[in-house]
Amino acid sequence: MSEPTGLVDEASESGDGEGEGRQPESDAGSGVLRVFGRQLKRFRVRAGLERAEFGSLTGYSVSTIAAYEQGRRVAPPRFIDRADEVLDAGGVLQEMKEEVARAQYPAFFRDAARLEGEAVELWVYATQAVPGLLQTEEYMRAVFGMWRPLLDEETVEQRVAARLARQHVFERRPAPLLSFVIDEAVVRRPLGGWSVMRGQLEQLMLVGAFRNVEIQIMPLDREDNAGVDGPFTLLYRAGGDQVAYLEAQGRSTMVSERREVQGIASRYGIIRAQALTPRESLAFVEKLLGEV
Numbered sequence: 001m002s003e004p005t006g007l008v009d010e011a012s013e014s015g016d017g018e019g020e021g022r023q024p025e026s027d028a029g030s031g032v033l034r035v036f037g038r039q040l041k042r043f044r045v046r047a048g049l050e051r052a053e054f055g056s057l058t059g060y061s062v063s064t065i066a067a068y069e070q071g072r073r074v075a076p077p078r079f080i081d082r083a084d085e086v087l088d089a090g091g092v093l094q095e096m097k098e099e100v101a102r103a104q105y106p107a108f109f110r111d112a113a114r115l116e117g118e119a120v121e122l123w124v125y126a127t128q129a130v131p132g133l134l135q136t137e138e139y140m141r142a143v144f145g146m147w148r149p150l151l152d153e154e155t156v157e158q159r160v161a162a163r164l165a166r167q168h169v170f171e172r173r174p175a176p177l178l179s180f181v182i183d184e185a186v187v188r189r190p191l192g193g194w195s196v197m198r199g200q201l202e203q204l205m206l207v208g209a210f211r212n213v214e215i216q217i218m219p220l221d222r223e224d225n226a227g228v229d230g231p232f233t234l235l236y237r238a239g240g241d242q243v244a245y246l247e248a249q250g251r252s253t254m255v256s257e258r259r260e261v262q263g264i265a266s267r268y269g270i271i272r273a274q275a276l277t278p279r280e281s282l283a284f285v286e287k288l289l290g291e292v
């Protein structure tokens, strides 16, 4: 296991296991974007293309091309592939694709995002907000819009794009097994207003019907709840490696020590047993939909 034990990184947002930190991008992440931007501009100039010409060939606006070249925005993989082809970069830009993609996440969440993309099983216990993998774009924007101090619009757009990119996990083949236990208070908390929440509840119904996804609700009236210590995420990689990702009060922790991870996994098993079954949970969400 390459991950260090009990590694404490930078702050998280809400403790829902989603890596939603408030602090700005790290210097390392920004540096990657600046290096990529300089390389992109160098190849464009070498090709004798103005930004407008290059934009028309790749399908992006002049302002977006400028933002990529100046390291102010994260270029998506499809743009990088197309730019490498149009500029005859010989794979140089494509080789930076993975590092550029990692730069879209807050520094403390980059390792977790990488592990999430490799996981064959993912278990999430959420108590503050709907897990990011299940969020609608409108719900995401509501969550990011509530942060204090306020995030600038460019950061919000970047974070929304990064979160949407994470949801490609549902398109992976072979499909990973995904389990979510969500506190009832989360689905009753109308973040962004009831119209946003209605769309979010519909999203839970939709994703919860996937064969590889189980969504469970932890009722508020349960007298026993093994999750009182707070939210967490467990990631299982091919080969049996297990890692836990924890968030609480401005701190995130990656845990790989075997005994501690096994303890968290045992706790999740108890939480699942205490929650409504997946079928009962979807029925609960459907009933709640009828009330909003």
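Be aware that the sequence shown starts at 1, since it is given in our numbering, and climbs by one per residue. Heads up, the beta-carbon is just placed ideally off N, CA and C, and yes, glycines get one too.
Output the distance between the C-alpha atoms of residue i and residue j, rounded to the nearest integer angstrom.
| i | j | result |
| --- | --- | --- |
| L375 | L133 | This structure gives no information on residue 375, because the portion of the chain shown stretches from 1 to 292. |
| E25 | L151 | Summary for E25: the model assigns pLDDT 41, below 50, so the residue's position carries little reliability, and this model does not support an answer. |
| Q242 | A113 | 14 Å |
| A209 | L201 | 13 Å |
| L93 | V169 | 24 Å |
| S179 | V45 | 48 Å |
| E116 | E98 | 14 Å |
| R22 | S56 | Because the pLDDT at R22 is just 42, under 50, the model does not fix this residue reliably, and the point stays unresolved. |
| G290 | R237 | 39 Å |
| I301 | A52 | Only positions 1 to 292 of the chain appear in this structure, which leaves residue 301 out of reach. |
| R277 | L49 | The sequence as given places Thr at residue 277; Arg does not occur at that position. Going by the C-alpha atoms only, they are around 58 Å apart. |
| V213 | V207 | 7 Å |
| A273 | V181 | 10 Å |
| S14 | R188 | With a pLDDT of 39 at S14, under the threshold of 50, the predicted position of this residue should be treated as unreliable, and no value is reported. |
| D27 | R102 | Its pLDDT being 46, under 50, D27 is placed unreliably by the model, and nothing is read from it. |
| W123 | V62 | 42 Å |
| R222 | R166 | 32 Å |
Relative to the alpha-carbon of residue i, which residue among the options has its alpha-carbon at the smallest distance?
| i | options | result |
| --- | --- | --- |
| A142 | T127, V120, V196, P131 | V196 |
| R110 | V156, P278, S252 | S252 |
| A161 | P176, I215, E171, F144 | F144 |
| A75 | V130, V100, G91, S256 | V100 |
| L220 | A275, A66, T155 | A275 |
| V119 | Q70, A175, T155 | Here the sequence assigns Ala to residue 119, which means Val is not the residue at that position. That would be A175, whose Cα lies nearest to the Cα of A119. |
| G192 | A129, G230, G240 | A129 |
| V186 | P131, V255, L33 | P131 |
Is residue j closer than 8 Å to residue i when the C-beta atoms are compared?
| i | j | result |
| --- | --- | --- |
| T127 | G227 | yes |
| Q199 | E286 | Sequence inspection shows Gly at residue 199; the Gln mentioned does not correspond to that position. No, the Cβ-Cβ distance between G199 and E286 is not below 8 Å. |
| T64 | V86 | no |
| E247 | M218 | no |
| D84 | A47 | no |
| S266 | Q216 | no |
Could you round the C-beta distance between residue i and residue j to whole angstroms and report it? I think they count as a contact, below 8 Å.
| i | j | result |
| --- | --- | --- |
| L177 | E121 | 5 Å |
| I271 | Y125 | 6 Å |
| Y268 | L234 | 6 Å |
| R72 | E157 | That pair is no contact at about 11 Å. |
| Q70 | G37 | 6 Å |
Check whether chain B comes within 8 Å of residue i, counting only Cβ atoms and requiring the distance to be less than that.
| i | result |
| --- | --- |
| S281 | Reference to chain B is not applicable here, since this structure consists of a single protein chain. |
| query | What are the uninterrupted segments assigned as beta strand (DSSP E) that are 3 or more residues long and contained completely in the stretch 251 to 286, given in chain order? | reply | 251 to 255
| task | For the stretch 141 to 209, list the beta strand (DSSP E) runs that are entirely contained and at least 3 residues long, ordered along the chain. | result | 177 to 183
| request: Let me know the beta strand (DSSP E) ranges lying completely inside the stretch 210 to 238, each 3 residues or longer, listed in chain order. | output: 213 to 218, 232 to 237
| task | Please go through the stretch 24 to 58 and give each complete alpha helix (DSSP H) segment of 4 or more residues, from N-terminal end onward. | result | 27 to 46, 51 to 58
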